[in-house]
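Peer 1: The structure follows.
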Amino acid sequence: MAEPAKSSPLSELRIALPSLPMRLQEVGRFVAANDYDATTRSMRDLAAEAGADPAAFTRLAKAIGYSGWDELRAALTEARRPSPTSPFSGRARGRRSGPNADVALVTDKLEAEAAGLPRIPAQPIAEAARALHEAKRIWIAGYRSCRSVAELLNYELRLFRPEQVQLIGTSGPDDLDLGAFRPGEAVIVIGFLPYTHASVGVAQAAYRGGATLIAIADSLSAPMAEGADHVLLFEAASSPGFFPSLTGAIAIAQSLAAVTFSLGGVAAKKRLETTEARLAAASIYVSEKG
Numbered sequence: 708m709a710e711p712a713k714s715s716p717l718s719e720l721r722i723a724l725p726s727l728p729m730r731l732q733e734v735g736r737f738v739a740a741n742d743y744d745a746t747t748r749s750m751r752d753l754a755a756e757a758g759a760d761p762a763a764f765t766r767l768a769k770a771i772g773y774s775g776w777d778e779l780r781a782a783l784t785e786a787r788r789p790s791p792t793s794p795f796s797g798r799a800r801g802r803r804s805g806p807n808a809d810v811a812l813v814t815d816k817l818e819a820e821a822a823g824l825p826r827i828p829a830q831p832i833a834e835a836a837r838a839l840h841e842a843k844r845i846w847i848a849g850y851r852s853c854r855s856v857a858e859l860l861n862y863e864l865r866l867f868r869p870e871q872v873q874l875i876g877t878s879g880p881d882d883l884d885l886g887a888f889r890p891g892e893a894v895i896v897i898g899f900l901p902y903t904h905a906s907v908g909v910a911q912a913a914y915r916g917g918a919t920l921i922a923i924a925d926s927l928s929a930p931m932a933e934g935a936d937h938v939l940l941f942e943a944a945s946s947p948g949f950f951p952s953l954t955g956a957i958a959i960a961q962s963l964a965a966v967t968f969s970l971g972g973v974a975a976k977k978r979l980e981t982t983e984a985r986l987a988a989a990s991i992y993v994s995e996k997g
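What the sequence shown shows, in the numbering used here, is residues 708 to 997, in sequence order.
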């Protein structure tokens with residue numbers, strides 16, 4: 708017998724409202740009416756706007772069966788994730804009305820992008836960077852929109868480890884690279900809902916090859932994160948607009964490159980200087996005037 712579909716956190720909240728104390732009812736109605744803000748703004752900011760004590764949000768979450776506000780906020784974020792069959796159009800909303808509607812959307816978008824960055828934990832990124840530093844070779848995969856993140860990370864790492872970093876699929880069919888993964892190497896896979904079969908295939912090949920798998924993903928349940936040695940989470944669904952946000956993924960990629968370079972010490976700096984000298988000799992960049 709199939710399991711019944713799990714109710715949404717907003718449904719759970721609305722059902723529980725009548726049985727809650729009056730003050731929690733007020734906070735609950737605020738959350739229900741501002742579920743997008745609840746996924747993108749800090750508890751302190753929400754409390755200030757609602758005219759409530761921040762602790763009331765924690766009490767509300769516990770009153771409806773969650774361990775705390777963070778778990779309820781995560782559930783609200785998950786509930787906003789679109790169906791794989793309409794991942795982008797499902798996010799689209801009607802155009803706002805008013806003379807400053809477009810500016811308001813830009814403001815909301817920028818605020819949401821900025822709000823997600825402090826929620827990215829630093830420790831897992833530092834641990835993954837240590838794995839990259841120790842790896843004999845680093846493979847990077849990102850498909851469709853995530854290709855841009857993969858190319859950025861590939862570029863930054865190759866500035867100081869040119870012979871040891873490779874973007875999967877650039878030198879031939881993907882399957883040739885997937886069959887080359889070995890123990891002692893690291894494989895980075897980047898993705899968010901809807902997940903591509905290609906990204907899952909890379910993750911599975913890394914596992915079979917005994918390589919260290921690092922997944923940069925929007926959820927612990929992402930199929931390309933299954934069995935990963937390191938899972939680095941970013942928020943893709945909580946930003947307004949028809950397309951999910953890659954800001955967090957880019958920040959993680961650049962943080963990985965920065966820490967890996969730092970761990971490389973003098974040798975990494977010398978390789979970077981060698982690369983810079985080659986670029987200067989080739990006149991890659993426009994000369995500054997003045």
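For glycine and all other residues, C-beta sits at the position ideal for the given N, C-alpha and C. None of these values were measured; they are calculated from a predicted model.
Could you give the DSSP three-state label for Val938: helix, strand or coil?
Peer 2: Strand at Val938.
Peer 1: On the criterion of 16 or more Cβ atoms from any shown chain inside 10 Å, does Met729 qualify as buried, or is it exposed?
Peer 2: Of the other Cβ atoms in all chains shown, fewer than 16 fall within 10 Å of the Cβ of Met729; this residue is therefore exposed.
Peer 1: Would you please state the rounded distance, in angstroms, between the beta carbons of Val909 and Pro930? I believe it to be under 8 angstroms.
Peer 2: Wrong, their Cβ atoms sit about 11 angstroms apart, outside the cutoff.
Peer 1: Out of Ala819, Arg751, Asp777 and Ser952, which has the shortest C-alpha to C-alpha gap to Leu761?
Peer 2: Note that residue 761 is Pro in the sequence shown, not Leu. The option with the nearest alpha carbon to Pro761 is Arg751.
Peer 1: Under DSSP, the alpha helix (DSSP H) around Gly916 begins and ends at which residues?
Peer 2: His904 to Gly916
Peer 1: For Ala987 and Leu717, what's the separation of their Cα atoms in angstroms?
Peer 2: 57 angstroms
Peer 1: Taking C-beta to C-beta, are Arg865 and Val856 nearer than 8 angstroms?
Peer 2: Not a contact, by the Cβ cut-off of 8 angstroms.
Peer 1: Excluding five sequence neighbours on each side, which residues of the same chain lie with their C-beta closer than 7 angstroms to the C-beta of Arg721?
Peer 2: Ala739
Peer 1: How many Å lie between Leu839 and Gly805 at the Cα?
Peer 2: 50 angstroms
Peer 1: At which residues does the alpha helix (DSSP H) containing Val813 begin and terminate?
Peer 2: Ala808 to Gly823
Peer 1: Could you give the first and the last residue of the continuous alpha helix (DSSP H) run that contains Leu753?
Peer 2: Met750 to Ala757
Peer 1: My guess is that Ile827 and Leu963 are in contact by the Cβ rule of under 8 angstroms, so how many angstroms apart are they, rounded?
Peer 2: About 12 angstroms separates the two Cβ atoms, so there is no contact after all.
Peer 1: Between the alpha carbons of Leu940 and Leu883, how many angstroms are there, rounded?
Peer 2: 28 angstroms
Peer 1: Can you give me the Cβ contacts of Phe968 inside the same chain, cut-off strictly under 6 angstroms, excluding the 5 residues immediately before and after it?
Peer 2: Annotation for Phe968: Phe867 and Ala975 place their beta carbon closer than 6 angstroms to its own, counting only its chain and skipping 5 residues before and after.
Peer 1: Taking Cβ to Cβ, would you say Ile923 is nearer than 8 angstroms to Ile897?
Peer 2: Going by C-beta atoms, Ile923 is nearer than 8 angstroms to Ile897.
Peer 1: Compute the beta-carbon to beta-carbon distance between Ser878 and Leu953, rounded to the nearest angstrom, for a pair I have assumed lies under 8 angstroms.
Peer 2: The Cβ separation is near 25 angstroms, so there is no contact.
Peer 1: State the DSSP-derived secondary structure class of Gly972, mapped to helix, strand or coil.
Peer 2: helix
Peer 1: When we look at the beta-carbon of Glu942 and count the other beta-carbons within 10 Å, is it buried (16 or more) or exposed?
Peer 2: buried
Peer 1: Within this structure, are the beta carbons of Ala819 and Arg780 separated by less than 8 angstroms?
Peer 2: no
Peer 1: For Tyr902, collect the residues of the same chain with a Cβ closer than 7 angstroms to its Cβ; drop the 5 residues on either side in sequence, then sort them by chain order.
Peer 2: Hits under 7 angstroms: Ala929, Pro930 and Met931.
Peer 1: Do you know offhand how far Ala944's Cα is from Arg978's?
Peer 2: Taking the straight line joining both Cα atoms gives about 38 angstroms.
Peer 1: For Val993, is the classification buried or exposed, using 16 other Cβ atoms within 10 angstroms of its Cβ as the cut-off for buried?
Peer 2: exposed
Peer 1: What separation, rounded to the nearest whole angstrom, lies between the Cα atoms of Ala984 and Ala848?
Peer 2: 28 angstroms
Peer 1: Give the straight-line distance between the Cα atoms of Tyr850 and Phe899, rounded to the nearest whole angstrom.
Peer 2: 10 angstroms
Peer 1: Roughly how many whole angstroms lie between the Cα atoms of Phe795 and Ala956?
Peer 2: Reliability of the predicted coordinates at Phe795 is poor, the pLDDT of 49 falling under 50, and no value is obtained from them.
Peer 1: Does Glu892 pass the burial test, meaning 16 or more other C-beta atoms within 10 Å, or should it be called exposed?
Peer 2: buried
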